[in-house]
Amino acid sequence: MTKLHSEELPEPFFITEGGPSADLPIHPHRTKSLPQILAGLTDGELARWPEALTDAERERRYRAIG
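Numbering-wise (the numbering used here), the sequence shown opens with residue -5 and increments by one.
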């Protein structure tokens, strides 16, 4: 195994203006709480989530209907 010599190493690169992620859009659920996310799901989408996470939302929907 050979060692790299210091002249073979690239110079360090510093991000000075925003960085590579500055152009990416904000993730749609980044600023929402879990109850807000669950409230925005359809019944079919909600059914695919683990029951432990969705029990409160199912109860809220049941009370809203009846």
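Just so it is clear, CB atoms sit at the ideal spot from N, CA and C, and this is done for glycine as well.
Are residue i and residue j close, meaning C-beta to C-beta below 8 Å?
i: residue 40; j: residue 51; result: yes
Which class does residue i belong to by DSSP, given the choice of helix, strand or coil?
i: residue 38; result: helix
i: residue 5; result: coil
i: residue 44; result: coil
Could you say which of the options lies nearest to residue i if we only look at CA atoms?
i: residue 58; options: 42, 27, 33 and 28; result: 33
Residues in its own chain within less than 8 Å of residue i by CB, not counting five upstream and five downstream?
i: residue 30; result: none
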